[in-house]
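Q:
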Amino acid sequence: MPNAPIPATAEGMPKFNRAAIMTLAWKLYRRDWVNSRPASAEARRKSFSRCLKSAWMTAKFEAETARKTIKQRAADRVEELTRELMRIDARPWKMTTVADRRAIQAEIQALCITTLQ
24 MPNAPIPATA EGMPKFNRAA IMTLAWKLYR RDWVNSRPAS AEARRKSFSR
74 CLKSAWMTAK FEAETARKTI KQRAADRVEE LTRELMRIDA RPWKMTTVAD
124 RRAIQAEIQA LCITTLQ
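Written out as structure tokens, the structure is:
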């Protein structure tokens, strides 16, 4: 593993709004404990740390989805639609699947044409 130096200014690192993350963590904490309080200070710390961890995960996920390109989003959508086609194949025999299958295949085809241009 190479020892790549990280500049002191942390260039290239994603920037997060830490105030918004902390606000979300407190919002989650208050939502969880609206009608009751933790039994001890240790339980309170564990509960808030869980809320803070959840807020950081949410912020990182939102930053990741914002960085996705149009082609990546289209590829993700095609993958979802392909899974949906597999679910349609697993339906019982008496259910009609032709219309659903055609609609999904048309959407996949449209996404493929859009991304190739």
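Under this note's numbering, residues 24 to 140 are what the sequence shown spells out, in order. Backbone N, C-alpha and C define an ideal beta-carbon position, used for all residues, glycine too.
Determine, using beta carbons only, whether I131 and V101 come nearer to each other than 7 Å.
A: Counting from 1 along the sequence shown, the entry for residue 131 is found at position 108. Counting from 1 along the sequence shown, the entry for residue 101 is found at position 78. Cβ atoms of I131 and V101: closer than 7 Å.
Q: Buried or exposed: which applies to A78, given that a residue is buried once 16 or more other Cβ atoms fall within 10 Å of its Cβ?
A: Taking the first residue of the sequence shown as 1, we reach residue 78 at position 55. Flag for A78 reads buried.
Q: Residues in its own chain within less than 6 Å of T120 by CB, not counting five upstream and five downstream?
A: On the sequence shown, residue 120 is found 97 positions in, with the first residue counted as 1. So the qualifying residues of the chain are I111, R114.
Q: Compare the Cα-Cα distances from K94 to each of A133, A122, K38 and report the closest residue.
A: As a working mapping, residue 94 is identified with position 71 in the sequence shown. If we check each option's Cα against that of K94, A133 comes out closest.
Q: If the criterion is Cβ atoms closer than 7 Å, does the pair A97 and T138 meet it?
A: Start at 1 with the first residue of the sequence shown, and residue 97 comes out as number 74. Start at 1 with the first residue of the sequence shown, and residue 138 comes out as number 115. Contact flag set, yes.
Q: Between the alpha carbons of R125 and K91, how many angstroms are there, rounded?
A: Taking the sequence shown and counting its residues from 1, the one referred to as residue 125 is at position 102. Taking the sequence shown and counting its residues from 1, the one referred to as residue 91 is at position 68. Straight-line Cα distance between these residues: approximately 28 Å.
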